[in-house]
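Just so you know, we're using our numbering here: the sequence shown kicks off at 101 and counts up by one.
We put the beta carbon where it would ideally sit given N, CA and C, even for glycine.
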Amino acid sequence: MRSNSPSQYFKWAHLTNPPLQEVSKMIGITALALDATLPDGPEKTVALRKLLEAK
């Protein structure tokens, strides 16, 4: 993710509960893929926001 992206919100290493860490990791990996794949725009912003809400 670029420096102006919300990557800081999708970190998972700080979580100590393994099941929570695993779910957060999957969400983080998905966020990285979306950020790398989708062009900048409102749809990308909404997709990342919804992933953050899910986390």
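Rounded Cβ spacing between I127 and L148 (contact assumed at less than 8 Å): Contact between I127 and L148 does not hold, since their C-beta atoms are separated by about 10 Å, which reaches or exceeds 8 Å.
Chain D contact for G141 (CB, 8 Å cutoff): Protein chains in the displayed structure number just one, and chain D is not present.
DSSP state of D140 mapped onto helix, strand, coil: If DSSP states are grouped into helix, strand and coil, D140 belongs with coil.
Within 8 Å, strictly: CB atoms of A131 and F110: yes
Contact set for A154: own chain, Cβ-Cβ below 7 Å, skip 5 residues either direction: I127
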